[in-house]
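Everything on this sheet refers to the single structure shown next.
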Amino acid sequence: MCGIVGYVGDRNAVPVLLQGLKKLEYRGYDSAGVAVYSETDGEVVVCKAKGRVENLENKLYDHPVKGRLGIGHTRWATHGVPSDVNAHPHFSSSGEVAVVHNGIIENYMEIKEILQSKGYEFVSETDTETVAQLIEYYYNDCGDITDAVFRALEKIDGSYALGIICRDFPDRMIAAKKNGPLIVGLGEGENFIASDMTAILKYTRNTYVLEDDEVAVIYKDDVKIFNLDRQEISKEVYVVNWSIEAAEKSGYDHFMLKEIFEQPKVVSDNLNHRFKADGTGVYLDGIKLDREVLKSINKIYVVACGTAYYAGLVGKFLIEKIVRIPVNSDVASEFRYKDPLIDENTLVLAISQSGETADTLEAVRLAKRRGAKVLAIVNVVGSTIAREAGDVLYTMAGPEISVASTKAFSAQVTAMFLLTLHIAMESGRMSLEEFREIKHEMELLPSHINAILSQAPIVKRFMEKYIDSKNVFYIGRGLDYIVCREGSLKLKEIAYLHSEPYAAGELKHGPIALIEPSTLVIGVATQQELFTKTLSNIKEVKARGARVLMIAMEGSTETKEFADDYIFIPRTHPILTPLLANIPQQLFAYYMAVGLGNDVDKPRNLAKSVTVE
Ligand code: F6R
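Per this note's numbering: the sequence shown = residues 2 to 614.
Written out as structure tokens, the structure reads:
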């Protein structure tokens with residue numbers, strides 16, 4: 002949602018903070034700011050700017066600030082419009098305390114009114130300013146910044162990752178976490194805080210991953226971690242294995258394009274070591290989902306948000322089709338408030354790239370409270386969902402920086418294939434012969450994705466032809482319909498084009514009224530047994546003047562005959578097509594966004610990690 006970075010050491014903090022903020026900009030990009038302790042002035046100096054980190058950088062160029070302690074923030078607005086004044090860091094009234102915050106303080110109005118009645122004046126519309134003022138209020142009483150932070154945390158309700166510095170304590174910063182990601186980076190003679198590893202990867206790979214209700218007091222040579230009872234606790238150092246290149250664009254115009262092109266490797270990494278050496282099943286990192294456990298499960302529930310949800314729907318479709326266990330599905334924001342029918346005989350699959358999505362996290366917590374078995378399928382190692390779920394299957398996609406999810410989806414779908422095969426084999430629902438056939442086809446997926454990616458120039462030409470589209474329909478049946486939902490989401494979020502995914506057979510029950518001459522319809526038809534049905538729906542829209550772009554199986558002569566344009570995917574087992582059919586859709590959305598002049602990696606109004614409701 003927002004990005005936080007902090008530094009204490011011997012370097013000038015400002016470039017460290019700016020570089021970190023640039024890496025975190027995908028988390029929020031409507032304003033940015035830094036607060037640095039200036040030794041010359043003996044003051045904490047703040048610089049903030051509406052808009053991108055670049056604006057802040059320009060401002061700092063005109064008004065340089067120097068210091069060896071600082072905190073920085075890139076914002077995705079929740080309270081108050083994006084503006085210089087609402088940007089973080091926020092100061093307390095006397096300028097004593099500066100705070101950066103990711104999350105939402107739910108009782109801030111109540112606290113604000115109390116502080117106002119005591120004479121505190123507020124300048125912003127944010128909840129975060131209340132935290133700075135509250136800390137100062139306690140600091141004035143006790144004279145110790147750590148004590149003041151603990152006392153403030155006792156009064157605050159809501160979610161937070163906080164970075165705090167204080168004018169009177171220029172040797173330290175304080176970090177606190179509840180329901181928002183925050184790590185402490187451990188350097189030599191310098192230490193950091195960050196919302197995620199990408200911000201500080203240049204300096205260190207050693208981290209403490211803060212848990213909820215932990216407070217860290219960070220000096221340049223020491224880090225002390227406490228629980229809310231103020232007892233010091235010891236933590237294991239977690240060493241990150243990402244390479245720096247993984248968090249760089251490496252010559253691509255955008256992270257999204259780079260991540261699309263990384264998919265052959267991502268799928269191959271997810272398949273490596275997953276098949277048992279004797280070819281009789283799938284190995285899932287010691288996840289406890291064997292024959293005995295499966296016997297106790299009578300229902301599976303898929304919960305997730307956005308793209309991760311669509312990956313989950315692929316899992317639902319396949320498990321029901323192959324294993325014949327009923328699978329319910331809900332977007333996490335509905336699941337958590339609907340009193341879902343789950344109990345100790347339910348397996349909940351929670352899917353999340355970031356592992357921090359607030360709704361998915363709450364769904365996991367609810368499922369656990371009800372005694373359900375929770376398996377999280379997560380990309381970010383050590384994230385909150387990964388830690389809180391009973392079991393976790395990591396998707397190994399590497400850092401996904403572009404806001405629009407691409408390679409994480411492919412990794413999640415691959416995980417769904419593996420999970421389906423695993424459950425099918427453990428419950429005796431799949432023959433060894435069929436398993437081996439699918440396994441063979443899965444091993445070909447990376448080269449099939451490469452073959453599709455080599456058609457990127459063709460997709461780019463489609464963009465040039467269809468760039469004038471105002472409404473786009475995606476239609477398909479069965480698994481293809483799920484692919485359509487993901488394709489339509491991608492086009493909306495980065496091309497800002499209105500688009501509707503529709504089950505092809507449902508079109509004639511209303512939405513076909515919206516088809517007019519030149520409406521673009523993207524037809525996905527990879528399922529042989531449904532092909533003629535989908536084709537007849539395509540003929541219906543063509544008859545009403547629509548332009549049709551089809552994604553179909555290699556060699557389909559009818560596609561060539563009826564579509565205005567088409568892109569073929571290599572032939573594969575029918576259950577595996579979602580992974581392949583989605584790739585041209587990603588490319589199409591990408592080129593449309595570029596063609597329309599949009600900021601592909603940081604689309605308007607969006608943030609990568611949605612850690613608020
Ligand atoms: C779409 C997209 C979002 C996320 C959703 C869930 O491209 O990125 O729809 O998929 O916000 O995020 P995670 O997977 O981090 O839980």
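Idealized CB from N, CA, C, for every residue including glycine.
If you check the C-beta of Gln-586 against the ligand F6R, you find no heavy atom less than 7 Å away.
For Val-150, the closest of Tyr-139, Gly-159, Ser-160 and Asp-158 by C-alpha to C-alpha distance is Tyr-139. Only residues of its own chain outside the window of five on either side were considered, and among them Arg-206, Asn-207 and Thr-208 have a CB closer than 8 Å to the CB of Val-240, listed in chain order.
With contacts defined by Cβ atoms closer than 8 Å, Ala-99 and Val-47 form a contacting pair.
Within the segment 567-605, the complete alpha helix (DSSP H) segments at least 4 residues long are 578-596, listed from N- to C-terminus. Annotation: the segment 174-224 contains the following complete segments of the beta strand (DSSP E) (minimum length 3 residues), in chain order: 184-187, 192-195, 207-210 and 215-220. Runs of the alpha helix (DSSP H) lying entirely within the segment 117-147, each at least 4 residues long, are 129-143 in chain order.
With fewer than 16 other Cβ atoms inside 10 Å of its own Cβ, His-64 counts as exposed. Within the chosen limit of 7 Å, the ligand F6R does not reach the beta carbon of Lys-317 with any heavy atom. Under the three-pair Cβ rule at 8 Å, the segment 563-574 does not count as touching the segment 394-414. Distance from the CA of Glu-435 to the CA of Gly-280, rounded to the nearest whole angstrom, comes to 12 Å. Within the DSSP secondary-structure output, Phe-474 pairs in a beta bridge with Glu-501 and Val-522. Distances taken from the Cβ of Gly-307 to the heavy atoms of the ligand F6R include one shorter than 7 Å. Residue side-chain check: Ala-405 places its Cβ nearer than 7 Å to a non-hydrogen atom of the ligand F6R.
Closest in C-alpha terms to Arg-325, from the list Ser-334, Glu-345 and Leu-295, comes Leu-295. For the 8 Å CB-CB criterion, Ser-330 and Cys-306 do not form a contact.
Residue pairing by DSSP places Tyr-161 opposite Lys-179 in a beta bridge. A distance criterion of 7 Å places the beta-carbon of Ser-557 beyond contact range of the ligand F6R, judged by its closest non-hydrogen atom. Secondary structure at Val-611: coil, using DSSP grouped into helix, strand and coil. The residues Thr-147, Arg-173, Ile-175 and Lys-225, in chain order, have a CB closer than 7 Å to that of Val-218 in the same chain once the five nearest residues on each side in sequence are set aside. For Gln-117, the number of other beta carbons within 10 angstroms of its own is below 16, and it is reported as exposed. Distances from the CA of His-255 to each of Asp-602, Ile-323 and Asp-213 were compared; the closest alpha carbon is that of Asp-602. For a cut-off of 8 Å, the C-beta gap from Thr-199 to Pro-400 is around 6 Å, short enough to register as a contact. For Tyr-38, the three-state secondary structure derived from DSSP is strand. The bridge partners DSSP lists for Met-554 are Ile-570. Closest in C-alpha terms to Phe-170, from the list Gln-264, Arg-69 and Leu-420, comes Arg-69.
The beta carbons of Gly-282 and Met-417 sit about 16 Å from each other, so the pair does not count as a contact at 8 Å. If you draw a straight line from the Cα of Thr-358 to the Cα of Ala-368, it comes to about 15 Å. At least one heavy atom of the ligand F6R lies less than 7 Å from the C-beta of Val-611.
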